[in-house]
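A.B. asks:
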Amino acid sequence: MSEKVEAMRLELRRGILILAVMTALRNEQYGYSLRKALGAVNIDIEEGTLYPLVRRLKSYGLLNSRWSNEEGRKRRYYKISERGEEILTVLKSDWEKLNTSITSIAEIST
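Numbering-wise, the sequence shown is residues 35 to 144 according to the numbering used here.
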């Protein structure tokens with residue numbers, strides 16, 4: 035694939051990953067379990083992508099976190115914040131409208 039196409043795919047994927055991570059974090063999870071949960075629904079994400087994204091969402095106030103020493107391992111658990119839920123509702127609505135529009139365009143074009 036050309037570099038331009040790959041750049042467009044990457045840009046599209048970034049937005050989708052934000053929605054996926056925020057949705058998955060409606061249930062409290064630590065990084066590895068989040069990565070596995072996303073992978074289970076065919077959303078593969080590298081650690082080098084996931085952790086910076088989670089940190090960025092946390093810095094925006096969209097996620098809460100806490101440390102735990104369960105099972106003798108120190109883990110940081112994340113969960114969507116109240117503000118994050120509000121933003122996720124808006125983002126999902128925008129996504130659904132866009133998806134409907136793209137589907138309509140595809141139907142008209144065929």
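All residues carry an ideal CB built from backbone N, CA and C; glycine is no exception.
1) Compare the Cα-Cα distances from Y94 to each of W129, I77, E119 and G65 and report the closest residue.
2) Note down the Cα distance separating E37 from R43, rounded to an integer number of angstroms.
3) Identify the continuous alpha helix (DSSP H) that holds Y85 and give its terminal residues.
4) Rounded to the nearest angstrom, what separates S99 and R107 at their Cα positions?
5) Output the distance between the C-alpha atoms of T57 and I142, rounded to the nearest integer angstrom.
6) Quick check: Y66 and V88, are their CB atoms within less than 9 Å of each other?
7) Would you decide whether S115 is buried or exposed? Buried here means 16 or more other CB atoms lie within 10 Å of its CB.
8) For I1 versus L97, is the C-beta distance shorter than 9 Å?
C.D. replies: Result, derived from the coordinates:
1) It is E119 whose Cα lies nearest to the Cα of Y94.
2) Here the C-alpha atom of E37 lies approximately 10 Å from the C-alpha atom of R43.
3) Unbroken alpha helix (DSSP H) run through Y85: E81 to S93.
4) About 16 Å.
5) Rounded to the nearest angstrom, the two C-alpha atoms are 31 Å apart.
6) No.
7) Flag for S115 reads buried.
8) Outside the modelled stretch of the chain, which goes from 35 to 144, sits residue 1, for which no answer is possible.
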